[in-house]
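A short write-up of the structure that comes next.
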Amino acid sequence: EHGHPTQHNIDTMMRGPLIAGLLNLVALSALFLGNIGWKCEKGYHEAARKYMTDAPLEFSHHPDNDNDGEIRTREAATATATSNDGVVPSYLQWDASPPEVPKDWSFQTPRSCENITNFDSNGQQHGEQKIIVHFHMQHNAGTSFYSFARRFAPCATRACWQDSKHCLVSYNEEVEAENIRQNYKKYGVQYVSYEMMLPPHFPLPFVSETARRGLFFTTIVRDPFKRFLTYVRGRGFDKDSGARSPFWLDLQGKQNVYSGDNLNARWLSGAQEQISSDHVNAAKCRLQLFDLVIADKLYDYAVKKVMCPLNGWKGKGSCDDEITKEEHKSKPDPLKNSTDPLLIGAWVERLRPSFEIYDYARILSWKQLKERGVKDLPELSEVPSYMNTLANYADMKVTDAHFKKIRRVSLENEDYFSPPVEFCNRMKQVWTSNPDEVPNAYGIGTIMNGFHPKFVGKST
Numbered sequence: 330e331h332g333h334p335t336q337h338n339i340d341t342m343m344r345g346p347l348i349a350g351l352l353n354l355v356a357l358s359a360l361f362l363g364n365i366g367w368k369c370e371k372g373y374h375e376a377a378r379k380y381m382t383d384a385p386l387e388f389s390h391h392p393d394n395d396n397d398g399e400i401r402t403r404e405a406a407t408a409t410a411t412s413n414d415g416v417v418p419s420y421l422q423w424d425a426s427p428p429e430v431p432k433d434w435s436f437q438t439p440r441s442c443e444n445i446t447n448f449d450s451n452g453q454q455h456g457e458q459k460i461i462v463h464f465h466m467q468h469n470a471g472t473s474f475y476s477f478a479r480r481f482a483p484c485a486t487r488a489c490w491q492d493s494k495h496c497l498v499s500y501n502e503e504v505e506a507e508n509i510r511q512n513y514k515k516y517g518v519q520y521v522s523y524e525m526m527l528p529p530h531f532p533l534p535f536v537s538e539t540a541r542r543g544l545f546f547t548t549i550v551r552d553p554f555k556r557f558l559t560y561v562r563g564r565g566f567d568k569d570s571g572a573r574s575p576f577w578l579d580l581q582g583k584q585n586v587y588s589g590d591n592l593n594a595r596w597l598s599g600a601q602e603q604i605s606s607d608h609v610n611a612a613k614c615r616l617q618l619f620d621l622v623i624a625d626k627l628y629d630y631a632v633k634k635v636m637c638p639l640n641g642w643k644g645k646g647s648c649d650d651e652i653t654k655e656e657h658k659s660k661p662d663p664l665k666n667s668t669d670p671l672l673i674g675a676w677v678e679r680l681r682p683s684f685e686i687y688d689y690a691r692i693l694s695w696k697q698l699k700e701r702g703v704k705d706l707p708e709l710s711e712v713p714s715y716m717n718t719l720a721n722y723a724d725m726k727v728t729d730a731h732f733k734k735i736r737r738v739s740l741e742n743e744d745y746f747s748p749p750v751e752f753c754n755r756m757k758q759v760w761t762s763n764p765d766e767v768p769n770a771y772g773i774g775t776i777m778n779g780f781h782p783k784f785v786g787k788s789t
């Protein structure tokens with residue numbers, strides 16, 4: 330009941346055999362897919378458990394339940410680093426062995442920066458510059474952002490290589506931050522890109538003012554279903570192959586960290602197995618720490634109106650062009666009109682954790698750009714992203730009647746989409762209390778690479 334509020338609400342709002350089929354599979358997916366993403370931790374107060382399982386996905390509102398803030402506070406109060414019996418809660422667990430650091434561990438110049446000579450970080454040109462630290466989630470436009478930055482930065486790393494000391498030298502944020510600043514001062518590395526699943530304890534963005542000094546943290550958050558479509562195309566999806574391989578590959582235990590299953594939610598939170606509401610809250614807490622969250626549809630505004638002026642970058646085909654109001658053309662949809670809508674419905678439901686994070690990112694992005702003085706922003710779509718995706722594939726029109734059952738994605742509802750304050754404060758304590766140990770992360774550039782030990786030897 331509490332785990333699937335969407336079925337009752339959407340079922341009363343939509344009609345037709347296609348929608349009925351979608352809804353049936355939503356219920357089926359909870360069983361067949363193992364209710365991925367919305368399992369509750371045991372031991373929570375009943376009211377808190379009800380809140381965590383239901384909201385803020387569908388945002389069912391009941392007249393006798395107006396104490397949402399109190400429920401969030403009670404839930405957040407239980408978020409401690411360890412329980413009374415010393416067990417680490419699931420959202421902080423990380424299954425990885427210590428990395429084997431090279432014996433001659435030292436900075437190695439990135440290939441794209443080999444021609445840099447006589448860099449002077451104290452010179453007039455670079456003395457007041459910000460170092461851009463970007464968290465690049467795969468298929469979230471990070472490569473385009475890197476291409477932009479490398480036109481201006483003396484040195485930019487598409488992926489920071491841990492064995493070359495570009496990043497990931499320490500779990501301690503002060504040590505990690507100083508390594509980034511020294512790499513800029515000595516070698517001109519002004520753009521650092523972390524492309525990996527972040528361990529739950531790893532502090533990115535950094536929390537303390539001393540660690541953040543001279544740094545500017547960014548990330549791009551893309552519509553999770555559009556990201557999934559890119560993932561599907563990369564698996565060679567076509568009409569002849571059906572949905573078997575790209576849809577069920579993850580369920581066969583053959584994926585690595587670059588999976589189609591909620592990559593954004595997993596990379597932001599470090600969830601290696603089931604995704605809980607705590608993981609979603611942890612991901613949102615991270616997003617709050619970025620100087621600029623870039624929602625996909627606000628990319629041009631973020632680059633031209635914030636990133637270019639940040640360091641006085643001009644021209645080069647990126648910083649002087651006018652912002653087009655036209656939406657970028659997407660590649661052909663490999664699922665539209667050729668895939669059983671039941672499978673699409675299952676994946677929409679399965680991606681709900683990432684949809685919720687995306688909606689919160691849209692609010693943050695729009696708000697941050699406004700606060701930085703960016704004008705003429707496109708209106709923030711109030712339709713929850715998962716509903717918009719269902720409407721696209723089910724030929725459904727979202728009307729005002731729907732918003733009697735669900736919350737609008739808007740600045741007015743920001744508190745409803747936000748993670749509990751006390752939960753984020755607890756995560757900040759975790760992120761600022763790390764010892765000086767080498768991080769054991771999975772991703773591009775990491776010593777551990779992109780494979781979890783349990784998947785080694787299996788086909789990908």
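Under my numbering, think of the first position of the sequence shown as 330, with each following residue one higher. All C-beta atoms, glycine included, are put in the ideal place defined by N, C-alpha and C. Only a predicted model underlies this, so the values are computations on that prediction, with no experimental measurement involved.
- Assignment of I460 by DSSP, reduced to helix, strand and coil, places it in the strand class.
- For the 8 Å CB-CB criterion, F557 and W676 form a contact.
- Distance from Q617 to C753 at the Cβ level is roughly 7 Å; contact confirmed, criterion being Cβ atoms closer than 8 Å.
- In this chain, the alpha helix (DSSP H) harbouring L616 covers 606-618.
- E457 is classed as exposed because its beta carbon has fewer than 16 other beta carbons within 10 Å across all chains shown.
- Three or more pairs of CB atoms, one per stretch, sit closer than 8 Å, so the region 766-775 contacts the region 518-530.
- Counting along the chain, the unbroken beta strand (DSSP E) around I549 starts and ends at 544-550.
- Within a 10 Å sphere around the beta-carbon of N593 sit 16 or more other beta-carbons, which makes this residue buried.
- Taken through DSSP and simplified to helix, strand or coil, E751 comes out as helix.
- In this structure, the straight-line span from the alpha carbon of R562 to that of I461 is close to 30 Å.
- For T653 and N469, the gap between their C-alpha atoms comes out near 20 Å.
- Counting only residues of its own chain and dropping the five nearest sequence neighbours on each side, H495 has a CB closer than 6 Å to the CB of T486, C489.
- Under the three-state reduction of DSSP output, I652 falls in the coil class, being neither helix nor strand.
- The alpha helix (DSSP H) runs of length 4 or more contained entirely in the region 701-784 are, from start to end of the chain, 714-723, 743-746, 750-760.
- For L544, same chain residues with a beta-carbon under 6 Å away, outside a window of 5 residues either side, are I460, V462 in chain order.
- Between V727 and M716, the beta carbon gap of about 6 Å places them in contact (Cβ cut-off 8 Å).
- About 6 Å separates the beta carbons of A611 and Y420, which is inside the 8 Å limit, making them a contact pair.
- Q697 and V609 have their C-alpha atoms some 21 Å from each other.
- Per DSSP, reduced to three states, the secondary structure at L527 is coil, with no helix or strand assignment.
- The beta carbon of K757 lies closer than 7 Å to those of V536 in the same chain, with the five residues before and after it left out.
- Annotated as proximal: E502 and P532, with beta-carbon spacing under 8 Å.
- Pairing Y689 with S606, the inter-Cα distance amounts to about 14 Å.
- Sequence-distant partners of F554 (beyond 5 residues in either direction) whose C-beta falls short of 6 Å from its own C-beta, in its chain, are T718.
- Nearest C-alpha to R737 among S710, N640, G517: S710.
- When C-alpha distances from H465 are compared across R595, L680, P439, S426, the shortest belongs to R595.
- Judged by DSSP in its simplified three-state form, V518 adopts strand.
- If you check the CB distance, R479 and Y520 come in under 8 Å.
- According to the DSSP assignment, L621 belongs to the beta strand (DSSP E) that extends over 621-624.
- According to DSSP, C484 shares a beta bridge with V518.
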